[in-house]
Amino acid sequence: MTQQTVLRRVVRTTSLLAFAVGLAIIPMGNTSAKEGASDWFVTQQNKVRLISATQGLGEGKTVQLGLQFKLQKGWKVYWRTPGDAGFPPRMDWTQSVNLGTVKFNWPAPTRFEVLGFQTLGYKNEVVFPIVANARDPNEPLKLRAKLHYLTCDDVCIPYQTELSLELPVGHGRATDHFQLINKFTAQVPGDGANHGLTIEKVETAGAFNTVEKDVRNGTIRVVATSAVPFTKPDIFVEGPELAFFSPPDVSLENGGKRAVLILPASEEEDTKIQNATLTLTLVDDGRATTQNHPVGTGPPLSANPSRLPDSLPFILTLAVLGGLILNLMPCVLPVISLKMLGIVSHGGADTRVIRTSFLASSLGILFSFLVIASVLMGLKFAGAAIGWGIQFQNPWFIVGLTVIVSLFAYNLWGLFNVTLPSWLSTLAGRQAGSTDSHES
Numbered sequence: 043m044t045q046q047t048v049l050r051r052v053v054r055t056t057s058l059l060a061f062a063v064g065l066a067i068i069p070m071g072n073t074s075a076k077e078g079a080s081d082w083f084v085t086q087q088n089k090v091r092l093i094s095a096t097q098g099l100g101e102g103k104t105v106q107l108g109l110q111f112k113l114q115k116g117w118k119v120y121w122r123t124p125g126d127a128g129f130p131p132r133m134d135w136t137q138s139v140n141l142g143t144v145k146f147n148w149p150a151p152t153r154f155e156v157l158g159f160q161t162l163g164y165k166n167e168v169v170f171p172i173v174a175n176a177r178d179p180n181e182p183l184k185l186r187a188k189l190h191y192l193t194c195d196d197v198c199i200p201y202q203t204e205l206s207l208e209l210p211v212g213h214g215r216a217t218d219h220f221q222l223i224n225k226f227t228a229q230v231p232g233d234g235a236n237h238g239l240t241i242e243k244v245e246t247a248g249a250f251n252t253v254e255k256d257v258r259n260g261t262i263r264v265v266a267t268s269a270v271p272f273t274k275p276d277i278f279v280e281g282p283e284l285a286f287f288s289p290p291d292v293s294l295e296n297g298g299k300r301a302v303l304i305l306p307a308s309e310e311e312d313t314k315i316q317n318a319t320l321t322l323t324l325v326d327d328g329r330a331t332t333q334n335h336p337v338g339t340g341p342p343l344s345a346n347p348s349r350l351p352d353s354l355p356f357i358l359t360l361a362v363l364g365g366l367i368l369n370l371m372p373c374v375l376p377v378i379s380l381k382m383l384g385i386v387s388h389g390g391a392d393t394r395v396i397r398t399s400f401l402a403s404s405l406g407i408l409f410s411f412l413v414i415a416s417v418l419m420g421l422k423f424a425g426a427a428i429g430w431g432i433q434f435q436n437p438w439f440i441v442g443l444t445v446i447v448s449l450f451a452y453n454l455w456g457l458f459n460v461t462l463p464s465w466l467s468t469l470a471g472r473q474a475g476s477t478d479s480h481e482s
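Below you can see the structure in the form of structure tokens.
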């Protein structure tokens, strides 16, 4: 048994012991409930309650519920597979009345690292969507849930409480929680079709090697594709007992639309990862999918993978070469002649004027690209998918570009002219010879 495995088990055992002790010593508090919600259970680290998307059962048996956590800064609760430590929220519904089946859903988690341990969970706020079915739609649904959960920051604190919510017959109108539940329901990983995410294959990268008695280390290769370029993909693997998976090393191909994720893995005792079926949750910038895949056999990793140098001189050399090639493109070459005419027009001018003109031209180019970069960064932070050439997948961009190019062509053919205001023509005339063509 490896030292890392021993540490994992010590941490998990300590968490469970703390949980068992904490249930007996931690006081519980509640605040008043609102329509379609239970009382808040309030602690110094968080508060939690049960919420409903509707005021009553409505016309059917199915009710959309949610377990809502609000967490103080730095505190977390855990995913269904928490990682190296912790444990997920657990609910006992046996005291409920008229309750049939219950399905507890898990939004895509975030990866955290504390003291070298990898954990998966949620911070700030999370709602776990719950789908509940009443046995008899003509009777009220009385929900009684015993909740056990662990919340962690630098230390971990276990809690337990009981949440109660009664939904009467009828009254299927939406509550104030309807949109919040839908928001987090959309974050529950599906089959990937809605987000264009596909896990193509899962395989071992060579054989697993024995490192000590009953412990074998190896590597798993996961290949995934996306309809739009990946931003920062990550993957969470759920496998058999005593199988452990480290965070992936990700490389992007095919314009960012293909991701190869390499995960160090280990198996202990009789556990075999090869040919086992793994549950993989792939996440990327708000998109997620959960898929089951058997582990096939693949070639080993290249011992000396080819990689271009990434030193600053090499990058600058490529940038200069790219600029020279760009200047020979048909769309840019005519501009070179205009630049040459601008240089010739400085003949006989004062050296200071010439330098000022060239400096203004360079600053104009840099400023233009800074504006473009700022706009793209703003769109990315706003949630838009930004990648090389991705705008050409937007039909409105294609239409707008077609209109602009057509108007430009009509102008060159003399079908219409754009006349500048007199004040702008006068200003341009005054600046001629000093700072013309600074932003072309």
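Under my numbering, the first residue of the sequence shown is numbered 43, with each subsequent residue one higher.
Just so you know, even glycine gets a beta-carbon here, dropped at the ideal spot from N, CA and C.
As the structure is a computational prediction, the values presented were derived from the model and not from experiment.
Below 8 Å, too few C-beta pairs join the stretch 122 to 130 and the stretch 91 to 108 to call them touching: fewer than three. CA-CA distance, residue 267 to residue 152, rounds to 21 Å. Taking residue 336 as reference, the option from 316, 273 and 449 with the minimal CA-CA separation is 316.
Residue environment analysis places residue 455 among the exposed positions, since fewer than 16 neighbouring C-beta atoms fall within 10 angstroms of its C-beta. For residue 378, the enclosing alpha helix (DSSP H) stretches over residues 375 to 386. Annotation for residue 438: the continuous alpha helix (DSSP H) segment containing it runs 437 to 454. Between residue 260 and residue 99, the CB-CB gap reaches or exceeds 8 Å.
Per DSSP, the continuous beta strand (DSSP E) segment holding residue 260 begins and ends at 257 to 268. Non-local C-beta neighbours of residue 308 in its own chain, meaning closer than 6 Å and more than five positions away in sequence, comprise 259 and 286, ordered along the chain. Less than 8 Å separates the beta-carbon of residue 169 from that of residue 223.
Within its own chain, the residues whose Cβ lies closer than 8 Å to the Cβ of residue 322, once the five positions on either side in sequence are excluded, are 241, 244, 264, 277, 278, 279, 280, 332, 333, 334 and 335, listed in chain order. For residue 221, the enclosing alpha helix (DSSP H) has its first and last residue at 220 to 227. The beta carbon of residue 452 sits closer than 8 Å to the beta carbons of 458 from its chain, once the five residues preceding and following it are set aside; these are given in chain order.
Rounded to the nearest angstrom, the gap between the Cα atoms of residue 373 and residue 460 is 22 Å. Closest by C-alpha distance to residue 178, out of 209, 154, 161 and 197, is 209. Bounds of the alpha helix (DSSP H) holding residue 406 are 393 to 423. Note that the stretch 196 to 203 does not touch the stretch 134 to 143; fewer than 3 beta-carbon pairs, one per stretch, sit closer than 8 Å.
Listed in chain order, the non-local C-beta contacts of residue 133 below 6 Å within the same chain comprise 187 and 189, local neighbours out to five positions each way being set aside.
Non-local C-beta neighbours of residue 145 in its own chain, meaning closer than 6 Å and more than five positions away in sequence, comprise 173, ordered along the chain.
Residue environment for residue 464: exposed (fewer than 16 other C-beta atoms within 10 angstroms of its C-beta).
The beta carbon of residue 441 sits closer than 7 Å to no other beta carbon from its chain once the five residues preceding and following it are set aside.
With a cutoff of 8 Å on beta-carbon distance, residue 94 and residue 207 are scored as near each other. Shown here, residue 161 sits in a strand according to DSSP, grouped into three states.
Residue 358 sits in a helix when the DSSP states are folded into three classes. Judged by DSSP in its simplified three-state form, residue 82 adopts strand. Excluding five sequence positions before and after residue 246, the CB atoms of its chain that fall closer than 8 Å to its own CB belong to 260, 261, 262, 263, 315, 316, 337, 338, 339 and 340, given in chain order. In this model, residue 212 and residue 82 are separated by some 25 Å (Cα to Cα). Residue range 198 to 209 is occupied by the beta strand (DSSP E) that includes residue 208. As DSSP reads the structure, residue 329 sits in a beta bridge with 326. A direct Cα-to-Cα measurement between residue 330 and residue 237 gives close to 7 Å. Assigned with DSSP and collapsed to three states, residue 88 falls in strand. In the DSSP assignment, residue 155 falls within the beta strand (DSSP E) that extends over 152 to 156. Exposure of residue 443 is indicated by the presence of fewer than 16 other C-beta atoms within 10 angstroms of its C-beta. Excluding its 5 nearest sequence neighbours in each direction, residue 184 has C-beta neighbours in its own chain below 7 Å: 138, 139, 140 and 208, listed in chain order. Contact between residue 126 and residue 96 is ruled out by a C-beta separation of about 39 Å, above the 8 Å threshold. Taking all protein chains in view, the Cβ of residue 379 is surrounded by fewer than 16 other Cβ atoms within 10 Å, so the residue is classified as exposed.
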